[in-house]
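Protein chains: 2
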Amino acid sequence: MKEKNLWIRDHWDEKRGSSITVMASGMLAKRKTRFQTIEIYDTEGCGRVMMIDGIIMLTESDEFAYHEMITHPAMHVHPDPKQVLVIGGGDGGAVREILKHNVDEVHLCEIDADVISISKEFFPSIACGLCDPRVKIFTDDGAEFINNKAGYYDVILVDSTDPVGPAEVLFREPFYRAMNNALTENGIASTQSEGIYYDLDTIIQLFSFTRKIFPVVEYYYTMVPTYPSGTIGFSFCSKKLHPLRDRADKGIKGLKYYNDSIHNSAFVLPEFARMALKT
Amino acid sequence: MKEKNLWIRDHWDEKRGSSITVMASGMLAKRKTRFQTIEIYDTEGCGRVMMIDGIIMLTESDEFAYHEMITHPAMHVHPDPKQVLVIGGGDGGAVREILKHNVDEVHLCEIDADVISISKEFFPSIACGLCDPRVKIFTDDGAEFINNKAGYYDVILVDSTDPVGPAEVLFREPFYRAMNNALTENGIASTQSEGIYYDLDTIIQLFSFTRKIFPVVEYYYTMVPTYPSGTIGFSFCSKKLHPLRDRADKGIKGLKYYNDSIHNSAFVLPEFARMALKT
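First to last, the protein sequences are chains A and L. In terms of the numbering used here, the first sequence opens at residue 1 and continues consecutively. In terms of the numbering used here, the second sequence opens at residue 280 and continues consecutively.
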């Protein structure tokens, strides 16, 4: 299968000082879908890699750090999450983590059906939960999907791409208002919110309206080597429960990144980011 | 000054899945010294960049995250550090941070005098402390330098390159025994100890002997976008004081990364690293 060695470089723009490159041994697939271009590479250092529109979406080697951390903080703060929605996340990684909890129903709303089919084909260890009977898949625009779901979800995870292209609407105020409406009384949304080093302006912009919509909004982060700057974070948007005061142990074993101490420390920001985001 | 745009790629080996690239606008200097090759680049995204033997040593944009975090944890745990030694660190970044504390004397022992002269020339905001009257510079091998300094230093910082070439000896047991001997009764050494994602084996190897030498050994980390995987850490090796129980506020203002909460959270490791390093 090894065709040749090639460097694949993550998308770079002037805002981002550095860019990640990965040494690939071959391209496994390239598909132009209705929404974007998906490429799958084989690499020795990172396992298989998915790129969307030239941006590294995930690698087999470090996806656990992202998927565990988008999922488990909210799922450990909500006392009994039964109805959970994932917007985006067609690779199935967040769904896999949600299914480690005692949930009744997981809805996955992914705009691009090809992301799901490609993930099932090339990333079975990530997409493994998508065939679970508790999971229902919708191919739809997440921003429209939640409009008629008032008070339905205990937890919503927004596992989106960057705020360009199809995901742009997921970084806007109307979408956060709709999520607030779609959540139950104790509801929590955790949303992919970029990194403190290269996208602090995006986070500040998000917080300028999310803090008007949700009583509790806190940024927390994880470390993912193949994402720009090596770190990416999430907005923890909660209607009532507090991420540090209301966590309960759920007895989940076998995680590689998340633990009870990381839960708290992930909300502690370097001084420059703390100052920029403080209320 | 802008010559052309060129991608400069950090050194890559098979152990490391990904590599950092930086877009440079020109090379400012290249010097082959007795020990290594130093290159200085101008970049728009990261400011000036120093590479040594093809590895990014520092960039103006994120050096604060490294230099504050190699320095301030030990300096906040020791109640009154007066005599401080930096081994390596010829750029002066650690010295600059040390001088924010009420110290009597800082010794800098850098094996390569050219690192110091180049830093003074191209990185004045980093090397600014090297001319302070409290600082004494030695051009010497750090492993030999500390052999006749019994009980002299309150804090030792080892700001070294990776464990290949001149810095290899700084990752070995005899050097840690010599440091233990060179420290005062309450002494603390913080040593550059690579990152949990790509160098966990190096950290495990270090801990296999440092924990026999020092009563307290804990790993802590910082996030530096232009280092491989975006994170790098330090061994906190202490003869008596504990990093979490013995910290005191020192009233230092104007830091960009370090704060009292980061001090504690930096010692909290993702589960895979915690398990690998637990006693």
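Even glycine gets a Cβ: it sits at the ideal position worked out from N, Cα and C.
Closest residue to residue i among the options (Cα-Cα distance)
i: residue 161 (chain A); options: A:54, A:247 and A:238; result: A:54
i: residue 375 (chain L); options: L:358, L:414 and L:341; result: L:414
i: residue 379 (chain L); options: L:545, L:483, L:360 and L:367; result: L:360
i: residue 396 (chain L); options: L:384, L:416, L:382 and L:386; result: L:416
i: residue 557 (chain L); options: L:502, L:384 and L:487; result: L:487
i: residue 245 (chain A); options: A:76, A:44, A:8 and A:69; result: A:76
i: residue 548 (chain L); options: L:536, L:531 and L:502; result: L:502
i: residue 408 (chain L); options: L:511, L:369 and L:291; result: L:369
i: residue 246 (chain L); options: L:329, L:313 and L:351; result: Residue numbering for chain L in the displayed model covers 280 to 558; residue 246 (chain L) lies beyond these limits and cannot be assessed.
i: residue 169 (chain A); options: A:141, A:26 and A:38; result: A:141
i: residue 26 (chain A); options: A:19, A:39, A:35 and A:144; result: A:39
i: residue 483 (chain L); options: L:385, L:291 and L:472; result: L:472
i: residue 315 (chain L); options: L:372, L:296 and L:390; result: L:390
i: residue 8 (chain A); options: A:48, A:236, A:34 and A:150; result: A:48
i: residue 354 (chain A); options: A:131, A:177 and A:58; result: Given a span of 1 to 279 for chain A in the structure shown, any question on residue 354 (chain A) remains unanswerable.
i: residue 341 (chain L); options: A:230, A:123, A:175 and A:115; result: A:230
Test: residue i CB closer than 9 angstroms to a CB of chain L
i: residue 190 (chain A); result: no
i: residue 257 (chain A); result: yes
i: residue 55 (chain A); result: no
i: residue 65 (chain A); result: yes
i: residue 251 (chain A); result: no
i: residue 274 (chain A); result: yes
Listed by chain order, chain A residues near residue i by CB distance under 8 angstroms
i: residue 505 (chain L); result: 17 and 18
i: residue 340 (chain L); result: 17
i: residue 476 (chain L); result: 62, 223 and 225
Cross-chain neighbours of residue i in chain A, by beta carbon under 7 angstroms
i: residue 544 (chain L); result: 265 and 268
i: residue 300 (chain L); result: 9, 18, 19 and 21
Residue i, enclosing beta strand (DSSP E) - first and last residue
i: residue 206 (chain A); result: Here residue 206 (chain A) belongs to no beta strand (DSSP E); instead the alpha helix (DSSP H) covers 200 to 213.
i: residue 236 (chain A); result: 231 to 238
i: residue 539 (chain L); result: Unbroken run through residue 539 (chain L) is the alpha helix (DSSP H), 539 to 544; no beta strand (DSSP E).
i: residue 9 (chain A); result: 6 to 9
i: residue 501 (chain L); result: 495 to 502
i: residue 415 (chain L); result: 414 to 418
i: residue 263 (chain L); result: Residue 263 (chain L) is absent from the structure shown; chain L starts at 280 and stops at 558.
i: residue 367 (chain L); result: 362 to 367
Simplified DSSP assignment, three categories, for residue i
i: residue 108 (chain A); result: strand
i: residue 71 (chain A); result: helix
i: residue 130 (chain A); result: helix
i: residue 248 (chain A); result: coil
i: residue 304 (chain L); result: strand
i: residue 66 (chain A); result: helix
i: residue 256 (chain L); result: Residue 256 (chain L) falls outside the range modelled here, since chain L spans only 280 to 558, and no answer is possible.
i: residue 464 (chain L); result: strand
Chain A contact for residue i (CB, 9 angstroms cutoff)
i: residue 281 (chain L); result: Residue placement at residue 281 (chain L) is poorly supported in this model, since its pLDDT is 44, which falls under 50; the coordinates are not used for a value here.
i: residue 324 (chain L); result: yes
i: residue 413 (chain L); result: no
i: residue 327 (chain L); result: no
Proximal chain L residues relative to residue i, where beta-carbon distance stays under 8 angstroms
i: residue 262 (chain A); result: 547, 548, 549 and 550
Where residue i meets chain L, residues with beta-carbon distance less than 7 angstroms
i: residue 231 (chain A); result: 502 and 509
i: residue 187 (chain A); result: Simply none; closest approach about 27 angstroms.
Residue range of the unbroken alpha helix (DSSP H) whose run includes residue i
i: residue 48 (chain A); result: Premise fails: residue 48 (chain A) lies in the beta strand (DSSP E), 47 to 52, not in any alpha helix (DSSP H).
i: residue 315 (chain A); result: The requested residue 315 (chain A) is not part of the displayed model; chain A covers only 1 to 279.
i: residue 145 (chain A); result: 142 to 145
i: residue 176 (chain A); result: 173 to 182
i: residue 272 (chain A); result: 271 to 277
i: residue 115 (chain A); result: 113 to 122
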